[in-house]
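Contents: one structure, followed by commentary.
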Amino acid sequence: MTAVDSQNIMDTGPATDTAAPPPAEPERRNWAPYLLSLPALALYAVLLLVPLAMTFLLSLNSFGFYTGIQDVWQLGNYIDIVTDDYFHEIFLRTFRIAVLVTLLCAVLGAPEAYVLRRMKSPWRGLCLLVVLGPLLISVVSRTLGWALLFGSTGIINTALMSIGLIATPIEFMYTETGVVIALTHVLVPFMVLSVWASLQRLDPQVENAALSLGAKPFTVLRRVVLPQVVPGILSGSIIVFALAASAFATPAIIGGRRLKVAATLAYDEFLNTLNWPLGAAVAILLLIANVVIIVGCNRLIERRYKQVFE
Amino acid sequence: MPYLVLDKLTKRFGQWLAVDNLSLTVEKGELISLLGPSGCGKTTTLQMIAGFLDPSGGRVTLDGADLLAKKPNERGLGIVFQSYALFPHMTAAENVAFGLEMRNIPRADRDRMVKDALQLVGLGAFGDRYPRRMSGGQQQRVALARAMVIKPSLLLLDEPLSNLDAKMREEMQIELRRIQRTVGTTMILVTHDQAEAMALSDRVVIMNKGKVEQVAAPQDAYDNPASAFVANFLGRTNLLQGTLRQDGGGCRIDVAGTAWPVAAELPAGPGVLTVRPEKVTFVDGAGVPGLVRARVFQGTQWLFEIQTDAGPLTVIRQHDGQILPAENERVTVGWRAEDMRVMAGTAGGA
Ligand SMILES: Nc1ncnc2c1ncn2[C@@H]1O[C@H](COP(=O)(O)OP(=O)(O)OP(=O)(O)O)[C@@H](O)[C@H]1O
Ligand SMILES: [Mg+2]
């Protein structure tokens, strides 16, 4: 779903010259596109829609500690979540983390992409590899590395304490700060790639034109480059937001059992409490919230940039 | 004192010499055209003057000051880019206003100047339009307005009218000429349209493979081409292979059995005679014999392809009622000695 949405945004970018195709003859329908997308559609239906529908049905069941899962249809789980402060806090935390991570990724990733584009040939490839590095390493080992680095006896805390900047170790493990930092690290490549793609479409002569009209380099950046990569930043933001809000491994390792987010909450309900229906309801609510936020943002962006980039 | 001086300007891309020791002086208020085949280094030259490309060698001075020491945004030049380079996220009016904004012109003046500039290029009603929703010619005119509205003292125009229809092009040519005359803007114009270069320029610079072949007033370059390349490049010309001889009266060139006196002193040996198609006439007496291979009506003139012993010859005659030969007719052609140019060498070596 994320990929599909972000694709929509990418499509609103330039170079989509929408020449209307000639009206197709009604009797000779072209079936090739449908046939070609059939395997993908089948896969999509079997692997995504069916489990999703089953999860939804499961979320309507009820659960008792002694009776197990009851095959009844009711909205009790949803009412529980909506009325319980415990769940409110977890959902709020999830989206607070996602928003912070998205902002950080935008602030770090967009300049990074710009600097990367300006680099000369061998360095550019190398630095791109470094930026994309996190994607090449398994999420578990990467996050464990973070834990080692940031633990109370980790390198950073030890170093800061030994030079006397802090007296007691800063807590990264099991804190929101830690989760935000680690998620940002993991997700920033998506932002860099997305901004990079929109930078590639930039005509360098346009920057030259601004210079020739007397703009200082920073003004060129602010008035000419930035507005043109905003769609890239926004589509990157949507990818990052969606991935951050539904992230599991990183919050699970850094946040642990104490600092739950929606994804780890659902996991715990499934595997520890064995309250599958409640876990399913959490998952469905997370999905709905994600879809609403992302589709809403997408709409907003499309409306704002339709004029300019179509 | 010359206003703009390019001194042995050179640009290498790797091994490729895009601009080779180019020297040129431009007077204040002059309109100079760069003419030359595609890829001969015209855009590269302009980009070096503008500061977007660092020269591999040479110097550029503007009004006595070293231009290369200045950053591109401090040079104060107006530039129309070959690719327009409009700001895609700004409307036409915002595009034009950008340079004025950078110069801190007050809002009210700015709006008026933008409006006038857009009016001038015939886009008064298109101020709110984004570039992507404009035709190529409209975008080009926005680019022109954007460069002219800041009233630069030096305007670099890289094929600024290439996408306009004939009528609009003519209007813009007149406008450029008017600005040059009244404001005294110095302009360097790159164009592929020879008629445009001839009509607008005080001088033309004919370039080939990164080198200057000739700098001259348009008519001079046309009538007295400095090389066979220039003769061939500027308008049509006929290249006839002949033999140079020295005899009692001076130098002569034999072409297809006819001898023509040569004013210059050239060594004996192979020689090339060039003559413009419109200077060739059908004669009754002595001349070069030939056969009319084809004749084509071109509206105001007739075009003849004539086969002679010295090679094919193109002749252009006005369509003014004179009696002209038919196809496959045997004719004799001639020209006045002062209308021809003779160079030593062979036509292939040009
Ligand atoms: N960035 C570059 N790297 C390598 N070669 C280049 C580069 N830019 C231009 N060249 C080469 O330099 C030569 C001159 O290019 P330039 O753009 O100045 O040509 P031009 O005279 O403007 O041609 P046109 O009339 O087609 O616009 C060309 O042969 C081109 O291939
Ligand atoms: Mg060019």
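Protein sequence lines correspond, in order, to chains A and B.
Heads up, the first sequence is in the working numbering, so the first residue is 215 and it goes up one at a time.
Heads up, the second sequence is in the working numbering, so the first residue is 1465 and it goes up one at a time.
Ideal Cβ placement from N, Cα and C applies to all residues, glycine included.
Note that the structure is predicted; figures quoted are calculated from it, not measured.
Rounded to the nearest angstrom, the gap between the Cα atoms of A/Met405 and A/Ser366 is 30 angstroms.
Between the alpha carbons of B/Gly1540 and A/Ile502 lies a distance of about 55 angstroms.
Under DSSP, B/Lys1743 takes part in no beta bridge, so it has no partner. Rounded to the nearest whole angstrom, the CA to CA distance from B/Arg1800 to B/Asn1627 is 40 angstroms. Put simply, the backbone Cα of B/Ala1581 is about 27 angstroms away from that of B/Met1512. The nearest non-hydrogen atom of ligand 1 is 6 angstroms or more from the C-beta of B/Thr1655. According to the DSSP assignment, B/Cys1715 belongs to no alpha helix (DSSP H) but to the beta strand (DSSP E) extending over 1714-1719. Shown here is that no member of the region 1696-1708 of chain B has a Cβ falling below 9 angstroms from a Cβ of chain A. In the assembly as shown, A/His399 is a buried residue. Its beta-carbon has 16 or more other beta-carbons within 10 Å. Secondary structure at B/Lys1506: helix, using DSSP grouped into helix, strand and coil.
Per DSSP, A/Leu346 lies in no beta strand (DSSP E) segment; the continuous alpha helix (DSSP H) that holds it begins and ends at 335-350. Listed in chain order, the non-local C-beta contacts of A/Gly470 below 6 angstroms within the same chain comprise Tyr388, local neighbours out to five positions each way being set aside. From the listed residues B/Pro1616, B/Ser1617, B/Leu1640, B/Arg1576, the smallest Cα separation to B/Arg1605 is found for B/Leu1640. Short of 8 angstroms from the beta carbon of B/Ala1514, and not among the five residues preceding or following it, lie these beta carbons of its own chain, in chain order: Pro1536, Arg1539, Leu1541, Ile1543, Leu1620. Just measuring C-alpha positions, the residue of B/Thr1745, B/Gly1586, B/Gly1798, B/Gly1591 sitting nearest B/Thr1722 is B/Gly1798. Of all C-beta pairs linking the region 346-361 of chain A to the region 462-476 of chain A, three or more are shorter than 8 angstroms, placing the two stretches in contact.
The beta carbon of B/Phe1562 falls within 7 angstroms of a beta carbon belonging to chain A, placing the residue at that interface. Look at the region 489-505 of chain A: it has no residue with a C-beta under 9 angstroms from a C-beta of chain B. Around B/Ile1614, the beta-carbon contacts reaching into chain A at under 8 angstroms are Leu427, Gly428. Within the region 400-428 of chain A, the residues whose Cβ lies closer than 8 angstroms to any Cβ of chain B are, in chain order, Asp417, Gln419, Val420, Asn422, Ala423, Ala424, Leu425, Ser426, Leu427, Gly428. At a cut-off of 7 angstroms, the C-beta of A/Val438 has a neighbouring C-beta in chain B.
Of B/Gly1785, B/Leu1737, B/Ala1549, the smallest CA-CA separation from A/Val439 is found for B/Ala1549. Distances from the alpha-carbon of B/Val1760 to those of B/Glu1791, B/Thr1745, B/Pro1552 put B/Glu1791 closest.
Under the three-state reduction of DSSP, B/Ile1543 is assigned to strand. In terms of Cα proximity to B/Leu1767, the closest of B/Arg1700, B/Thr1508, B/Met1662, B/Ser1547 is B/Arg1700. For B/Val1795 against B/Val1744, the beta-carbon gap comes to about 11 angstroms, at or over 8 angstroms, which does not count as contact.
Considering only A/Ile507, A/Asp298, A/Trp360, the residue with the shortest C-alpha distance to A/Glu385 is A/Trp360. For A/Leu501, the secondary structure class from DSSP, reduced to helix, strand or coil, is helix. Interface with chain B (7 angstroms Cβ-Cβ cutoff): A/Gln442 is included. For A/Arg471, DSSP records no beta bridge to any residue. Less than 7 angstroms separates the beta-carbon of B/Val1668 from that of B/Ala1685. Under the DSSP definition of a beta bridge, B/Arg1794 partners with B/Leu1755.
Boundaries of the beta strand (DSSP E) around B/Met1807: 1804-1808. When C-beta atoms of the region 1483-1492 of chain B are compared with those of the region 1671-1690 of chain B, three or more pairs fall below 8 angstroms, so the two segments count as touching. Ordered by chain, the residues meeting the criterion of a beta-carbon within less than 5 angstroms of a non-hydrogen atom of ligand 1 are B/Phe1477, B/Ala1482, B/Ser1502, B/Gly1503, B/Cys1504, B/Gly1505, B/Lys1506, B/Thr1507, B/Thr1508. Taking 7 angstroms as the cut-off, the Cβ atoms of B/Val1719 and B/Leu1704 count as close.
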